[in-house]
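Participant: The opening residue of the sequence shown carries number 107 in the working numbering; numbering runs sequentially from there. Yeah, the Cβ is synthetic: ideal placement off N, Cα and C, and Gly gets one too. Here the structure is a predicted model, which means the values were calculated and not measured.
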Amino acid sequence: MKKIIILIALLNAFTPMIFAQKNIAQDERMEWWRDARFGMFIHWGLYAIPAGEWEGKEYPQIGEWIMKNARIPVAEYEKLAQQFNPVKFNAHDFVMTAKNAGMKYITITSKHHDGFAMFKSEASKYNIVDATPYGKDVIKALADECHKQELKLCFYYSQSRDWHEPNGLDNDWDFPKERDFQKYLDEKVKPQLTELLTNYGLVGMIWFDTPMTISEEQAQSLKNLVRSLQPACIISGRLGGGVETDYKSTGDNVIPAETVSGDWEVPATLNNTWGFKKNDHNWKSPEALTRLLFDIAAKGGNYLLNVGPTAEGVIPQASVDILAKVGKWMKTNSECIYGTKASPYKMEFKWGNITQKPGKLYLGIFNWPGSDFYLEGLKNKVKKVYLLSDKQQKVLPFKEYYNSDTDHHRLKIDLPEEAPDKVVSVVVIEIEGSASVETSICQQADKTILLSGILGEARKGNQPAELNFTARGGGANWLDTGINLTWNFKVENAGTFKVDLVTTETGSHGSPVWQGGQIIKISCAGQQSETIVTDDSREYNPRSQYWKLIHTSAGKIKFEEPGTYQLSLVPENFTENKIGFTFKEINLIPVR
Ligand code: H79
């Protein structure tokens, strides 16, 4: 009997609907997304009206959180709907802004934490068609335009937080008492997801966010619903309940330090907010964004970059202009982004990073070296080298070196003196076979030795310890006494080297201000040095993707002869309020 009931339930769940022709394999579902690499996030909702200010007070945090940050009662916040009239909204403009930037998909907030639906919904009258003077379904207009222009349309949907509903999570100012979360899932979330996956054609993805306490069973039921309605629809990384999704999402604005396998995406802001804030003009530069796009692709991820339209329905001009500049670079260089795979190396380089396609490496050079350029550690035979921006593909001279003592490969390329592109110049290397690289740390052509934090081995006593890095640096748990970080590396040319200890500004979420003053002990080749890390008292801003490298001189080391050496770093006096040590790397620089 039980089996029959389960069977019926299953049949029901998979009742063929318009888009549910078959079960689709993961690879097939992810194909367009893996090729795309670059998408547009749109945070648009009622929060665009207050735009960061409530009752004369400005709120410094992210704009779409104003309802919670100002503890606005539902009855007050709801009234914003009566003012929401985005008459300047034009779906074509949104889509063209994305297309001109080279973006291949759009992910728009269909319902954010404030609970307001930007689409027509039978499940809740609190939606753009039924509750605003505007009265039109902007999601429908955007869906139609995306289908016409062959951009994938994806929906952000806040599945757990809903500050409008007594049974949704996280509104503790109107609804401090117990809630029936399951009832909210059944009566709002599931019906609305069904609407989104039924009324707007093929949906590229549902982007869930902030799962909070959603259970495994509840999350699984949302997943089943999406799968049953549109098997080709991707489910993003923040569903919750430990349920497997189609890819992983990094933290907001968090860029990994190294190449990461599998499918993942960085959701990121253009300024310091997602939803529009009238006074936030802290825009990232097009140059920085272009480099981030390349770097994220090189580490194996997608970049989902946000715009926050105004209450009138326009994307801020500053955002449009910045994205157009990224798009200008993409027009010449998109071959090194679309459909590429992560770098064969684990680490980024001082000069930039690498993407690849079968038989080709794309070197994205941010810091142009002048004429002599060296790529260390590539084992493949090189067939041809040229600039991606050069339509003629004029051959750049190159020479391959191999040192059998150290088993080290080095490729020298003669580049033009001047960078072809001030932001990211792309050098194409055609290789034989699939890319294969050395994993050991070797001395570079200029004789420096780079000990990246991420390549270090963390130990507590003799036990392995965890390392935690993002692009801005990191380290081990420095408060854990007995922690040390070691590197093994090969020295080809002996001599004396300066030890350059590199950290980045400020600390972690727990200690927002850089304290400085920590003592770092370094030992290598029987020599020891002790260094006090320099103070830098700027504020930590998790939404900023800029950081300053702080160089601290940590003495000298002499290598008497070539060979394999070990260096270890030991933190000495870390305490709760001295944890602001965001470690990046150590450079061993030859003293001439
Ligand atoms: O949709 C965007 C954000 O609104 C959402 N995710 C991205 C994609 C998001 N939800 N929660 N968070 C991000 C992180 C929450 C940060 C918080 Fe705070 C810190 C909540 C409370 C303290 C920022 C500062 C918001 C309120 C104060």
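1. Which class does Leu-607 belong to by DSSP, given the choice of helix, strand or coil?
2. Should Trp-160 be listed as close to the ligand H79, given that the test is whether its C-beta is under 7 Å from any heavy atom?
3. Using the three-state DSSP reduction, which class does Cys-630 fall into: helix, strand or coil?
4. Tell me which same chain residues have a C-beta within less than 7 Å of the C-beta of Tyr-671, skipping the five on either side of it?
5. Since Ala-157 sits in a beta bridge, which residues does DSSP pair it with?
6. Counting C-beta neighbours from all protein chains within 10 Å, is the total for Ser-264 16 or more, i.e. buried, or is it exposed?
7. Is it right to say Phe-689 is buried, meaning 16 or more other beta carbons lie within 10 angstroms of its own, or is it exposed?
8. Examine the ligand H79 and report whether any of its heavy atoms sits within less than 7 Å of the Cβ of Thr-316.
9. In chain order, what residues of the same chain have a beta carbon less than 6 Å from the beta carbon of Leu-186, not counting five sequence neighbours either side?
10. Whole angstroms are fine: how far does the CA of Ala-600 sit from the CA of Arg-143?
11. Could you spell out where the alpha helix (DSSP H) holding Thr-213 opens and where it closes?
12. Would you say the beta carbon of Glu-170 is closer than 7 Å to some non-hydrogen atom of the ligand H79?
13. Skipping 5 residues on each side, what residues in its chain have a beta carbon closer than 8 Å to that of Lys-485?
14. Could you tell me the alpha carbon to alpha carbon distance between Lys-463 and Asp-496, rounded to whole angstroms?
15. Since Gly-208 and Ser-440 should fall inside the 8 Å C-beta cutoff, what is the C-beta to C-beta distance between them, to a whole number of angstroms?
16. Quickly, what does DSSP pair Met-436 with across the bridge? List them, please.
17. The beta strand (DSSP E) that contains Asn-509, what's its start and end?
18. What are the start and end residues of each continuous beta strand (DSSP E) run of 3 or more residues lying completely inside the region 524-586, in chain order?
19. Is it the case that the region 384-399 contacts the region 282-301, given that we only count it when at least three CB pairs across the two stretches are under 8 Å?
20. On the three-pair Cβ rule with 8 Å, is the region 398-414 touching the region 364-372?
21. Please determine, among Pro-668, Ile-168 and Phe-680, the residue with the shortest C-alpha to C-alpha distance to Lys-383.
22. Per the contact definition of three or more C-beta pairs closer than 8 Å, is the region 563-576 in contact with the region 497-510?
23. Using a threshold of 8 Å, state whether the C-beta atoms of Lys-174 and Trp-269 are closer than that.
24. Answer yes or no: do Tyr-306 and Ala-247 have a C-beta to C-beta separation smaller than 8 Å?
25. Ordered along the chain, which non-local residues of its own chain (more than five positions away) have a Cβ less than 6 Å from that of Gly-343?
26. So what does DSSP say about Phe-287, is it helix, strand or coil?
27. Apart from the five residues on each side of it in sequence, which residues of its chain come closer than 7 Å, Cβ to Cβ, to Gly-579?
28. Give every residue of the same chain whose Cβ lies closer than 7 Å to the Cβ of Glu-636, excluding the five residues on either side of it in the sequence, and list them in chain order.
29. Exposed or buried, what is Gln-499 when buried is set at 16 or more other beta-carbons lying within 10 Å of its beta-carbon?
30. How would you label Lys-177, buried or exposed, when you count the other beta carbons within 10 angstroms and need 16 or more for buried?
31. So, using beta-carbon positions, are Gly-348 and Glu-322 closer together than 8 Å?
32. To the nearest angstrom, how far is it from the Cα of Pro-648 to the Cα of Thr-375?
33. Would you say Trp-380 touches the ligand H79, meaning its beta carbon is less than 7 Å from a heavy atom?
34. Could you check if Arg-698 is buried or exposed, using at least 16 other CB atoms within 10 Å of its CB as the buried criterion?
35. Measure the CB-CB distance between Leu-308 and Val-332 and report whether it falls below 8 Å.
36. Is any heavy atom of the ligand H79 found at a distance shorter than 7 Å from the C-beta of Asn-377?
Facilitator: Straight from the coordinates:
1. Here residue 607 refers to the residue found at position 501 when the sequence shown is read from its first residue. Looking at Leu-607 - three-state DSSP - the assignment turns out to be strand.
2. Sequence index remark: in the sequence shown, residue 160 carries index 54 (1-based). Outside the cutoff, so no.
3. Taking the sequence shown and counting its residues from 1, the one referred to as residue 630 is at position 524. If DSSP states are grouped into helix, strand and coil, Cys-630 belongs with the strands.
4. The residue labelled residue 671 in the question sits at position 565 within the sequence shown. Correct list, in chain order: Phe-595, Val-597, Cys-630, Ala-631 and Phe-665.
5. Taking the first residue of the sequence shown as position 1, residue 157 is located at position 51. DSSP lists no partner for Ala-157.
6. Numbered from its first residue, the sequence shown carries residue 264 at position 158. Buried: at least 16 other Cβ atoms inside 10 Å.
7. Working through the sequence shown from its first residue, we reach residue 689 at position 583. With 16 or more Cβ atoms within 10 Å of its Cβ, Phe-689 is classed as buried.
8. Position 210 of the sequence shown, counting from 1, holds the residue named residue 316. Correct: Thr-316 has its Cβ closer than 7 Å to the ligand H79.
9. In the sequence shown, residue 186 corresponds to position 80, counting from 1. Closer than 6 Å at Cβ, skipping near neighbours: Leu-152 and Ile-155.
10. Indexing the sequence shown from 1 puts residue 143 at position 37. Indexing the sequence shown from 1 puts residue 600 at position 494. Straight-line Cα distance between these residues: approximately 43 Å.
11. What you label residue 213 is simply residue 107 of the sequence shown in a count that begins at 1. Where Thr-213 is concerned, there is no enclosing alpha helix (DSSP H), although the beta strand (DSSP E) it sits in stretches over 211-217.
12. On the sequence shown, residue 170 is found 64 positions in, with the first residue counted as 1. Residue side-chain check: Glu-170 places its Cβ nearer than 7 Å to a non-hydrogen atom of the ligand H79.
13. As a working mapping, residue 485 is identified with position 379 in the sequence shown. The beta carbon of Lys-485 is closer than 8 Å to those of His-515, Ser-542, Val-543 and Glu-544 in its chain, skipping five residues each way along the sequence.
14. Translated into the one-based positions of the sequence shown, residue 463 becomes position 357. Translated into the one-based positions of the sequence shown, residue 496 becomes position 390. Between the alpha carbons of Lys-463 and Asp-496 lies a distance of about 18 Å.
15. On the sequence shown, position 102 is the one that residue 208 refers to. On the sequence shown, position 334 is the one that residue 440 refers to. 6 Å between Cβ atoms; contact.
16. Translated into the one-based positions of the sequence shown, residue 436 becomes position 330. According to DSSP, Met-436 bridges with nothing at all.
17. As a first step, residue 509 is located in the sequence shown; it is residue number 403 there, counting from the start. Note, Asn-509: beta strand (DSSP E), 504-509.
18. Correct list: 531-537, 555-558, 563-566, 574-576 and 579-581.
19. No, because fewer than three Cβ pairs between the region 282-301 and the region 384-399 fall closer than 8 Å, the two stretches do not touch.
20. With the cut-off at 8 Å, the region 398-414 and the region 364-372 touch.
21. The residue given as residue 383 occupies position 277 in the sequence shown. Distance from the Cα of Lys-383 is smallest, within the candidate group Pro-668, Ile-168 and Phe-680, for Ile-168.
22. No, the region 497-510 is not in contact with the region 563-576.
23. What you label residue 174 is simply residue 68 of the sequence shown in a count that begins at 1. What you label residue 269 is simply residue 163 of the sequence shown in a count that begins at 1. Contact flag set, yes.
24. By one-based count along the sequence shown, residue 306 stands at place 200. By one-based count along the sequence shown, residue 247 stands at place 141. Result no, Cβ atoms of Tyr-306 and Ala-247 do not sit closer than 8 Å.
25. Residue numbering aside, residue 343 sits at position 237 when the sequence shown is read from its first letter. These residues qualify, in order along the chain: Thr-351, Tyr-353, Lys-354 and Ser-355.
26. Walking along the sequence shown from the start, residue 287 turns up at place 181. Reduced to three states, the DSSP call for Phe-287 is helix.
27. Within the sequence shown, numbered from 1, the residue matching residue 579 stands at position 473. The beta carbon of Gly-579 lies closer than 7 Å to those of Gly-559, Thr-609, Thr-610, Thr-688, Phe-689 and Lys-690 in the same chain, with the five residues before and after it left out.
28. Numbered from 1 along the sequence shown, position 530 holds the residue referred to as residue 636. If we look at Glu-636 and ignore the five residues flanking it on each side, its Cβ neighbours are Ile-625 and Lys-627.
29. Stepping through the sequence shown from its first residue, residue 499 is reached at position 393. With fewer than 16 Cβ atoms within 10 Å of its Cβ, Gln-499 is classed as exposed.
30. Looking up residue 177 in the sequence shown gives position 71. Here residue 177 turns out to be Arg, not Lys, going by the sequence shown. Exposed is the call here.
31. Taking the sequence shown and counting its residues from 1, one reaches residue 348 at position 242. Taking the sequence shown and counting its residues from 1, one reaches residue 322 at position 216. Result yes, Cβ atoms of Gly-348 and Glu-322 sit closer than 8 Å.
32. Position 542 of the sequence shown, counting from 1, holds the residue named residue 648. Position 269 of the sequence shown, counting from 1, holds the residue named residue 375. Since pLDDT at Pro-648 reaches only 48, below the 50 mark, its modelled position is unreliable, and the value read off the structure follows with that caveat. The C-alpha of Thr-375 is placed about 11 Å away from the C-alpha of Pro-648.
33. Residue mapping note: residue 380 aligns to position 274 of the sequence shown, counting from 1. Checking the Cβ of Trp-380 against the ligand H79 gives yes.
34. By one-based count along the sequence shown, residue 698 stands at place 592. Here Arg-698 is exposed. Its C-beta has fewer than 16 other C-beta atoms within 10 Å.
35. Locating residue 308 in the sequence shown gives position 202, counting from the first residue. Locating residue 332 in the sequence shown gives position 226, counting from the first residue. No, they are not a contact pair.
36. As a first step, residue 377 is located in the sequence shown; it is residue number 271 there, counting from the start. For the ligand H79, not one heavy atom lies less than 7 Å from the Cβ of Asn-377.
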